[in-house]
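Heads up: the sequence shown begins at 21 in my numbering, then just goes up one per residue. We put the CB at the ideal spot given by N, CA and C, even for glycine. Only a predicted model underlies this, so the values are computations on that prediction, with no experimental measurement involved.
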Amino acid sequence: MNNFVPLMRVFGAQCRKPSGLLGGLMGPLMNWRHKPLSRWTIELMDIQPHSSILDIGCGGGMTIEEMARLATGGFVAGVDYSEVMVRQALKRNATAVGAERVAVKSGDISNLPFEDASFDRACAIESFNYWPEPVAGLREVYRVLRPRGLVAITTAWNKEMDDQPKYAAMAQRMRFPLYAGAEMVAMLTAAGFSKVQFWLKDGKGWLCAVGVK
Ligand SMILES: C[S@@+](CC[C@H](N)C(=O)[O-])C[C@H]1O[C@@H](n2cnc3c(N)ncnc32)[C@H](O)[C@@H]1O
Numbered sequence: 021m022n023n024f025v026p027l028m029r030v031f032g033a034q035c036r037k038p039s040g041l042l043g044g045l046m047g048p049l050m051n052w053r054h055k056p057l058s059r060w061t062i063e064l065m066d067i068q069p070h071s072s073i074l075d076i077g078c079g080g081g082m083t084i085e086e087m088a089r090l091a092t093g094g095f096v097a098g099v100d101y102s103e104v105m106v107r108q109a110l111k112r113n114a115t116a117v118g119a120e121r122v123a124v125k126s127g128d129i130s131n132l133p134f135e136d137a138s139f140d141r142a143c144a145i146e147s148f149n150y151w152p153e154p155v156a157g158l159r160e161v162y163r164v165l166r167p168r169g170l171v172a173i174t175t176a177w178n179k180e181m182d183d184q185p186k187y188a189a190m191a192q193r194m195r196f197p198l199y200a201g202a203e204m205v206a207m208l209t210a211a212g213f214s215k216v217q218f219w220l221k222d223g224k225g226w227l228c229a230v231g232v233k
């Protein structure tokens, strides 16, 4: 396992912020690998045809595409601080961007490039574990949601997994923390959200924490 540590550090850094040539491979890889996780999260978000939705840490833009299919009369925005990911997400969603049904912006969770109360729904899939100040980030999500807006935060690796020690060791090598469901609930509550609860995906160990503004 120790032989793989440098490789895992590189992979971890690319998951955190894809960049350069290697970063260019991350979008297609994550679009493929995260599709089931994305679909599960979307099921929990109760998206309506006229929903206005934000995907934070949108990566290669697959989740944006999936959500835009449901919000047929709505609007989907993606934001990511990786320029490579912004370019890929824009390319993947070019038709919807042209029709002004989708927008993808460069931006950081610490200062989202959107007005207060812009969205009915927000999600972050496999991104939250990289936020340096998770509660401050959630407060920023709270700011851009409309009253009664819903946030869904999904993490495939978490402290609820059966084989948690194995994943905890790998996450440590890749330099990101794992959270338990109760920790997610506490952070969402501290950021101001109510009706906070978490879901676990049977047989997968995925965690999705949901809260309402
Ligand atoms: C593991 S990827 C997941 C991408 C996509 N959500 C998916 O499921 O395929 C994490 C993404 O979050 C983005 N990200 C991480 N920290 C961020 C931050 N502080 N602000 C904006 N984006 C961030 C990264 O650039 C990367 O594209």
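Using a cutoff of 6 Å, the CB of K37 counts as near ligand 1, since one of the ligand's heavy atoms is closer than that. Annotated as distal: R112 and G157, with beta-carbon spacing of 7 Å or more.
Counting only residues of its own chain and dropping the five nearest sequence neighbours on each side, N149 has a CB closer than 8 Å to the CB of T175, W177, A191, F196, P197, L198 and Y199. Contact between G93 and P69 holds: CB atoms are separated by about 5 Å, below the 8 Å threshold.
Its Cα nearest to that of V99, the residue F134 stands out among G231, I62 and F134. For the pair Y187 and M194, the CB atoms are not nearer than the 7 Å cut-off. For R36, there is no enclosing beta strand (DSSP E); the enclosing alpha helix (DSSP H) covers residues V25 to R36. Distance from the CA atom of L64 to the CA atom of A211, rounded to whole angstroms, is 20 Å.
Counting along the chain, S58 sits inside the alpha helix (DSSP H) bounded by residues K55 to L64. F218 is not a Cβ neighbour of G231, given a cutoff of 7 Å. Taking the Cβ of H54 as the reference point, at least one heavy atom of ligand 1 falls within a distance shorter than 6 Å. The straight-line gap separating the alpha-carbon atoms of R168 and F24 is approximately 45 Å.
Exclusion of W226 from the 6 Å shell around ligand 1 follows from its C-beta lying no nearer than that to any non-hydrogen atom of the ligand. Rounded to whole angstroms, the gap between the alpha carbons of V96 and G44 is 23 Å. Bounds of the beta strand (DSSP E) holding A172 are L165 to T175.
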